[in-house]
Amino acid sequence: MKITDKYKIIVSERSIRMLSEHLRFIANKNQAASKKIKNKLMDSLKSLEKMPARYPFFEADYIPPNMYHRMFVQKWYLVLYQIKDRVVYVDYIVDCRQDYQWLLDGFR
C-alpha cells in the first residue's frame with residue numbers, strides 16, 4: 007500500500023443526523039461556532055482517507071474487540087468508524103459532553 011492511496015469514506019445516515027442535530031442546536035446560539043465545528047469535523051473525516059488505522063480501537067464492555075476505531079475531534083467529539091477493505095464506515099459522531107451510555111447499551 008502506498009501512502010498516497012486513498013480510502014473511501016462513507017458516513018452513515020445516523021452519523022449525519024447526530025451531527026446535524028448538534029450543529030443546529032449550536033447555530034441557534036452561535037452560527038460562527040457551528041460553522042467552525044462543522045468545518046473541523048469535515049476536515050477530520052476527510053483525513054481518514056489516508057491511514058485511517060492510525061487511531062486506536064474503541065474499547066468498551068459489550069462492544070466486540072477491534073470493531074471500531076475512535077477519533078476525538080476538538081476534545082468533545084468522538085467519531086467511531088470501521089475499516090473494511092479500502093472503505094472507512096463512519097457509524098457514530100457523538101458529542102461527549104452528553105451522556106452516550108445509550109450507545110454502549112445498544113451493543114448488549
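Residues are numbered in the numbering used here as their position in the sequence shown, beginning at 1, plus a constant of 6.
C-beta atoms are modelled at their ideal positions from N, C-alpha and C, and glycine is treated no differently.
Close CB contacts of H28 within its chain, under the 7 angstroms cut and outside five residues either way in sequence, are with D101 (chain order). Contact between H75 and Y83 does not hold, since their C-beta atoms are separated by about 14 angstroms, which reaches or exceeds 8 angstroms. Just so you know, the alpha carbons of E65 and M77 end up roughly 12 angstroms apart. In this structure, the CA atom of A38 is about 37 angstroms from the CA atom of D91.
Non-local beta-carbon contacts of V96 in its own chain, meaning distances under 8 angstroms to residues more than five positions away in sequence, involve I15, I16, V17, S18, S21, L51, L54, V85, L86, Y87 in chain order.
Look at I69 here: in three-state DSSP terms it is coil, with no helix or strand label. V93 and K56 have their C-alpha atoms roughly 11 angstroms apart. R76: member of the beta strand (DSSP E) spanning 75 to 79, first to last residue. Beta-bridge analysis with DSSP links K14 to V93.
Scanning its chain for C-beta atoms nearer than 8 angstroms, with the 5 sequence neighbours on each side dropped, one finds around A59 the residues H75, I89, in chain order.
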